[in-house]
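Below: one structure, written as structure tokens.
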Amino acid sequence: MVWFSEDAVTPDMFYQNHLKSVHSVALDAIEDNSLLIQPNGPPHFKTDGLVTQALNYAASVNHIMEHSDFSFQQEQIEPYATKPLLVAIVWAFTGDSKLDTKTQMGLFFQDHSGLDMPPLQKPGASLIDYDVQVSSGDWFAWQSSVPIVDIDTHQVADLDVVIPTLDTLSEMDVVGLNFSSATTPELVLKTFDQHCKYKKTSTWIILPPIQIGKWTVIFCHEINLPAADKYATQKRTLDKVWLKLEYIQFLGACNPPTDPGLVTLSQRLLRHAPLVMVDYPGEASLKQIYGAFNQAVLKVLPSLCGHAEPLTSAMVKFYLSSQKRFMADGQAHYVYSPWELTRWVRGVYESRGDNTSKSGASLKLPSEMAYNRTGRKETQDTCVLLVAGREMEGIKHLRFTRLKGL
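For the sequence shown, our numbering gives the first residue as 226, with consecutive numbering after it.
Here you go:
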């Protein structure tokens, strides 16, 4: 065994080793362009370069789990090669952190990168909400690619309504697996038999998906629920023959190990699998989702259809303010999720009753729902007044008769 101290192999040595190794490795169908892009990256991988600075900054923030360690013109290559580097660093170094931390990393780049950045002055704007156009090398917002969905009023109470926010899974076949103490390798093998097919070649037995042109994603839920045995291993099937998997991807979902009954993922797994935190939707996504619901609810009130956008904005701001104020650190029952907004919208939909002909009465419903959503959680009623009165004031003609009577 040969042991090296941490200062013997520096981060820039890792960078140079990886860059030189990928220089001669073909990356699927883009190997021709990769040779043109790679020379523009090394300046940022020096000892005092941008990547090392970002790594040091990321080491100071909280993480869920610790980790061990088209043709281009020449003038288009540099902006296209350097700008995606910023997004890649955010996902690489703070991918397992909360959305607020990813946003802070984008603001960190504004002060240290010296590169052209997208507009991040708007509250809640994050670097991961942007991508780079291949043709021009300019930033563009993912929001511009999200379709606007119009749903019917009766769909507000449905449980299977999906409002697209950023992308879809049209090119993937997702197979869900629930992990528990009773989960065995045979379950995974049976899943392969149902969704994939075996092909014999001269060198390998290949296992691709049955549907040509689609990826099969094996979605493993609660992967940190089963614990390893005393030898730090888990049960596995006997070796019979090696298979080569094609267009099959494993995606595991886990909760923080601080939750009861869950275990920390081993370093043996984390060194091979990147860990990304999927946080609750941000402000832009929440407005996209619940804006569609509010538009549907107000369809029965033609005179109020124009208030759907300010109503949604006020509801989302109220929710975000409540989420920051009522944290589980203060009281155990302070648990806030977008489900609060869902119940809020459905409450307005189900409570409209005879108010469909009275605009003023209908506009009071959101404030009543706001009190119901927050008042039952807070131990001091004055906070409800402050939060609701400040964030709900954007709705025209709204009266807080119920809240003022506390």
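We put the beta carbon where it would ideally sit given N, CA and C, even for glycine.
Going by the CB atoms, is the gap between Val357 and Lys327 shorter than 8 Å? Walking along the sequence shown from the start, residue 327 turns up at place 102. Walking along the sequence shown from the start, residue 357 turns up at place 132. Against a cut-off of 8 Å, the Cβ pair of Val357 and Lys327 comes out as no contact.
Comparing alpha-carbon positions, which option in Trp440, Ile314 and Leu244 lies nearest Gln278? Start at 1 with the first residue of the sequence shown, and residue 278 comes out as number 53. It is Ile314.
Count Cβ pairs between the segment 473-483 and the segment 436-445 that sit closer than 8 Å; are there 3 or more? yes
Once DSSP output is grouped into helix, strand and coil, what is the label at Val227? Locating residue 227 in the sequence shown gives position 2, counting from the first residue. If DSSP states are grouped into helix, strand and coil, Val227 belongs with coil.
Taking the continuous alpha helix (DSSP H) assigned at Leu476, which residues delimit it? On the sequence shown, position 251 is the one that residue 476 refers to. No alpha helix (DSSP H) contains Leu476, which is instead part of the beta strand (DSSP E) from Ile473 to Ala478.
What are the start and end residues of each continuous beta strand (DSSP E) run of 3 or more residues lying completely inside the segment 461-548, in chain order? 468-470 and 473-478
Segment contact, 8 Å Cβ cut-off, at least three pairs: the segment 511-520 with the segment 529-546: yes
To the nearest angstrom, how far is the alpha carbon of Pro535 from that of Ala453? The sequence position of residue 535 within the sequence shown is 310, counting from 1. The sequence position of residue 453 within the sequence shown is 228, counting from 1. Their Cα atoms are separated by approximately 51 Å.
Classification of Gly401 by the beta-carbon crowding that lies within 10 angstroms, buried from 16 upward: On the sequence shown, residue 401 is found 176 positions in, with the first residue counted as 1. The residue is exposed, with fewer than 16 neighbouring Cβ atoms inside 10 Å.
Using a Cβ distance threshold of 8 Å, determine whether the segment 508-517 contacts the segment 318-338, with at least three qualifying pairs required. no
Look at the alpha carbon of Leu412 and the alpha carbon of Leu468, and state the distance between them as a whole number of angstroms. Here residue 412 refers to the residue found at position 187 when the sequence shown is read from its first residue. Here residue 468 refers to the residue found at position 243 when the sequence shown is read from its first residue. Cα to Cα, the separation comes out at about 17 Å.
Would you identify the three-state DSSP class for Leu310, choosing helix, strand or coil? Position 85 of the sequence shown, counting from 1, holds the residue named residue 310. Of the three classes helix, strand and coil, the one that applies to Leu310 here is helix, per DSSP.
Out of Leu414, Gln241 and Ile289, which one is the CA nearest neighbour of Leu487? Along the sequence shown, one-based indexing puts residue 487 at 262. Nearest C-alpha to Leu487: Ile289.
Identify whether Asn449 lies in helix, strand or coil by the three-state DSSP scheme. The residue labelled residue 449 in the question sits at position 224 within the sequence shown. Looking at Asn449 - three-state DSSP - the assignment turns out to be coil, as it is neither helix nor strand.
Hey, is the segment 315-325 in contact with the segment 498-507, meaning 3+ C-beta pairs nearer than 8 Å? yes
Quick one: what's got a C-beta closer than 6 Å to Pro236's C-beta in the same chain, skipping five residues either side? One-based indexing of the sequence shown puts residue 236 at position 11. So the qualifying residues of the chain are Thr277.
Could you please give the first and the last residue of the uninterrupted alpha helix (DSSP H) stretch that includes Phe270? Numbered from its first residue, the sequence shown carries residue 270 at position 45. Looking at the DSSP string, Phe270 is not in any alpha helix (DSSP H), and its letter there is neither H nor E.
Looking only at C-alpha atoms, which of Lys422, Thr408, Leu280 and Lys245 sits nearest to Trp316? The sequence position of residue 316 within the sequence shown is 91, counting from 1. Minimum Cα distance to Trp316 is reached at Leu280.
Helix, strand or coil, according to DSSP, for Leu244 in the structure here? Translated into the one-based positions of the sequence shown, residue 244 becomes position 19. Correct three-state label for Leu244: helix.
Contact under 8 Å by Cβ, Trp429 with Tyr472: Translated into the one-based positions of the sequence shown, residue 429 becomes position 204. Translated into the one-based positions of the sequence shown, residue 472 becomes position 247. Result no, Cβ atoms of Trp429 and Tyr472 do not sit closer than 8 Å.
Residue range of the beta strand (DSSP E) that includes Val413: As a working mapping, residue 413 is identified with position 188 in the sequence shown. Taken as a continuous stretch (DSSP letters only), Val413 belongs to no beta strand (DSSP E), being part of the alpha helix (DSSP H) at Pro410 to His420.
For Val400, which residues does DSSP report across the bridge? In the sequence shown, counting from the first residue as 1, residue 400 sits at position 175. DSSP, once it has assigned bridges, lists Ile443 as partnering Val400.
Quick check: does the Cβ of Gly331 come within less than 7 Å of any heavy atom belonging to the ligand GDP? In the structure shown, the ligand GDP is absent, as is every other ligand, since no ligand is present at all.
How is Asp237 classed by DSSP in three states: helix, strand or coil? To locate residue 237, count along the sequence shown from 1; it is residue 12. Three-state DSSP puts Asp237 in a helix.
Over what stretch of residues does the alpha helix (DSSP H) that includes Asp325 continue unbroken? Numbered from its first residue, the sequence shown carries residue 325 at position 100. Leu324 to His337 is the extent of the alpha helix (DSSP H) around Asp325.
Which residues in the same chain as Lys271 place their Cβ atom closer than 7 Å to its Cβ, once the five residues preceding and following it in sequence are excluded? Taking the sequence shown and counting its residues from 1, the one referred to as residue 271 is at position 46. Contacts found: Asp237.
Can you say whether Lys542 is buried or exposed, counting buried as having 16 or more other CB atoms within 10 angstroms of its CB? As a working note, residue 542 is residue 317 in the sequence shown. By the neighbour-count rule (16 or more Cβ atoms within 10 Å), Lys542 is buried.
Using 10 angstroms around the beta-carbon of Met552, count the other beta-carbons present and answer buried if the total reaches 16, otherwise exposed. Taking the first residue of the sequence shown as 1, we reach residue 552 at position 327. The residue is exposed, with fewer than 16 neighbouring Cβ atoms inside 10 Å.
Where the beta strand (DSSP E) through Ala366 begins and ends: For the purposes of this step, residue 366 is identified with residue 141 of the sequence shown, where counting begins at 1. That run of the beta strand (DSSP E) goes Trp364 to Ala366.
Per-residue burial, His456 [other beta carbons within 10 Å of its own, 16 or more giving buried]: Reading the sequence shown from its first residue, position 231 is the one you call residue 456. In the sequence as displayed, the identity of residue 456 is Tyr instead of His. It counts as exposed.
Thinking C-alpha only, which one of Trp367, Gln474, Thr409 and Thr426 is nearest His420? The count along the sequence shown starts at 1 and reaches residue 420 at position 195. Ranking Trp367, Gln474, Thr409 and Thr426 by Cα distance to His420 puts Gln474 first.
Candidates Val560, Ser546, Arg550 and Asp554, of which the one nearest Gly349 by Cα: Counted from its first residue, the sequence shown places residue 349 at position 124. For the residues Val560, Ser546, Arg550 and Asp554, the minimum Cα distance to Gly349 belongs to Ser546.
Taking the DSSP output, what are the residues bridged to Leu432? Here residue 432 is taken as the residue at index 207 of the sequence shown, counted from 1. Paired residue(s): Leu470.
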